[in-house]
Amino acid sequence: MPEVEGGESSDDIYPFHGVDGENNPIGPCDAFWKRVLTKKIRKDVDDDENTKEGKLLWYHQGVEYWNHVDATVDGVLGGFGSVSGADAKENERILRTMMYPEGEFSEILEKRALDVGAGVGRVSVRDFVCVIVFSFRRRLQVVLPLVCAHISSSRLTFSLFTTDANRARS
Amino acid sequence: MHHFIEKAKATLKDKVQNYFEESLEEFSFEEDGKALAGYDVIWIQWCIGQLSDADFIDLLKRAKVNADGFIVVKENNCSKGFHWDDQDSSITRSDNYFRWIFEQAGMEVVNSKMSDVFPKELFAVRTYVLKRSPPKKKSQ
Chain V
1 MPEVEGGESS DDIYPFHGVD GENNPIGPCD AFWKRVLTKK IRKDVDDDEN TKEGKLLWYH
61 QGVEYWNHVD ATVDGVLGGF GSVSGADAKE NERILRTMMY PEGEFSEILE KRALDVGAGV
121 GRVSVRDFVC VIVFSFRRRL QVVLPLVCAH ISSSRLTFSL FTTDANRARS
Chain Y
171 MHHFIEKAKA TLKDKVQNYF EESLEEFSFE EDGKALAGYD VIWIQWCIGQ LSDADFIDLL
231 KRAKVNADGF IVVKENNCSK GFHWDDQDSS ITRSDNYFRW IFEQAGMEVV NSKMSDVFPK
291 ELFAVRTYVL KRSPPKKKSQ
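Here the protein sequences line up with chains V and Y, keeping their order. For the first sequence, the residue numbers in the numbering used here are 1 to 170. For the second sequence, the residue numbers in the numbering used here are 171 to 310.
Here's what the structure looks like:
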């Protein structure tokens, strides 16, 4: 990897300004997050409670979207499954550079990796397990990105369930 | 999203030590109330746009990285500010926006690179390698 580049655009500073899907301006990020995360959903509860619910609604919508996506590489890449191979090669280069700066694989190290937002395990299977399987020695961990939240729309009550960490080999 | 992890388990089987099916914004780096051992690599790719700024910053702050370990964030970059996707409740952040987040979280960008392997019609993709910034010394 070359040295740090980017970050030069001087007029793109906090608070960052956003656009929606139609390229309409939606204002600065601080106000945006306040707006989407603290929706006045219920009048009978206080602000703190509404903030909790607004936040759950934001994540709930994400979960709902991904719930309807096929559990395939093409699905998790939004129809661009064809880029997965090139992506994996690039990731391999990054991992090699960072973990083996001398360019040698001779030392078998036990490393622990965490694949965040792992989806169907696309990154893990290509980059961790295949490429550095020896050095990682089965110490890979996977975490899904989002809450499994569901909402009962009629009463606007939320529940959140989080399963305990499952042991791969119990 | 349970179907994703089921697929991952079917593919990776016992090559993976732990499968956590937990919300990322609440993932505590604990298991059964006990802190997990630190990681050498925490790989975050194409998912962090789902998190709010506050949750993103908080995740980086509590991420358990070993002393010589690092965090990789690989994500789409828009050219300026952010793009909101109402469909999947996510945003795409600009390069400057990401760097602002990392600074807030006390992370240092030790390396970053723009991908050159993806089709031009897609968002630019940038990889950031992060390490926790050393604590600032108090000036006398």
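By construction, the Cβ of each residue, glycine as well, lies at the ideal position given by its N, Cα and C atoms.
Just to confirm, is the Cβ distance from residue i to residue j under 8 Å?
i: S84(V); j: L77(V); result: yes
i: D265(Y); j: A113(V); result: no
i: T38(V); j: G54(V); result: yes
i: V116(V); j: W216(Y); result: no
i: I218(Y); j: M277(Y); result: no
i: S282(Y); j: T297(Y); result: yes
i: E195(Y); j: L230(Y); result: no
i: G208(Y); j: V19(V); result: no
i: N24(V); j: M171(Y); result: no
Let's test the definition: count the other Cβ atoms within 10 Å of the Cβ of residue i and tell me whether it reaches 16, buried, or not, exposed.
i: D11(V); result: exposed
i: G239(Y); result: buried
i: D48(V); result: exposed
i: S106(V); result: Any answer about S106(V) is weak, because its pLDDT of 47 lies below 50 and its placement is not dependable; what the coordinates show is given next. Burial call: exposed.
i: I13(V); result: exposed
i: R35(V); result: exposed
i: E192(Y); result: buried
i: D225(Y); result: buried
i: Q257(Y); result: exposed
i: F272(Y); result: buried
i: R232(Y); result: exposed
i: S82(V); result: exposed
Counting only Cβ pairs nearer than 9 Å, list the residues of chain V close to residue i.
i: S198(Y); result: What S198(Y) touches in chain V: nothing, since even the nearest Cβ is about 10 Å away.
i: I227(Y); result: Simply none; closest approach about 11 Å.
i: K307(Y); result: Within chain V, no residue comes near K307(Y); the closest Cβ sits about 23 Å away, beyond 9 Å.
List, in chain order, every chain Y residue whose beta-carbon is nearer than 7 Å to that of residue i.
i: D48(V); result: None at all; the shortest Cβ gap to chain Y is about 15 Å.
i: C62(V); result: The displayed chain sequence assigns Gly, not Cys, to residue 62(V). Result: Q220, D258, S259, S260.
Mind listing the chain A neighbours of residue i? Cutoff is C-beta to C-beta under 9 Å, in chain order.
i: H17(V); result: Although the question refers to chain A, the structure presented lacks it and instead comprises the protein chains V and Y.
Give the interface partners of residue i over in chain V, defined as CB-CB distance under 8 Å, in chain order.
i: D255(Y); result: G21
i: F174(Y); result: W66, A71, V76, A118, G119, V120, L144
Residues of chain Y with CB under 8 Å from residue i, in chain order?
i: A86(V); result: V287, F288
i: R35(V); result: None at all; the shortest Cβ gap to chain Y is about 11 Å.
i: E90(V); result: S285, V287, T297
Going along chain V in order, which residues have a C-beta closer than 7 Å to the C-beta of residue i?
i: E245(Y); result: Simply none; closest approach about 10 Å.
i: L182(Y); result: G121, S124, V125, V129
Is any non-hydrogen atom of the ligand MG found closer than 7 Å to the C-beta of residue i, if you look at the structure I gave you?
i: C29(V); result: Absence of the ligand MG from the depicted structure is noted, as is the absence of any ligand whatsoever, leaving it without description.
Please list the partners that residue i has in chain Y, where partner means a Cβ-to-Cβ separation under 9 Å.
i: A31(V); result: None at all; the shortest Cβ gap to chain Y is about 12 Å.
Along the chain, which unbroken stretches of the beta strand (DSSP E) at least 3 residues long are found entirely within the region 229-272 of chain Y? 235-247, 252-255, 260-263
At 3 residues or longer, what runs of the beta strand (DSSP E) sit wholly inside the region 16-74 of chain V? 17-19, 25-28
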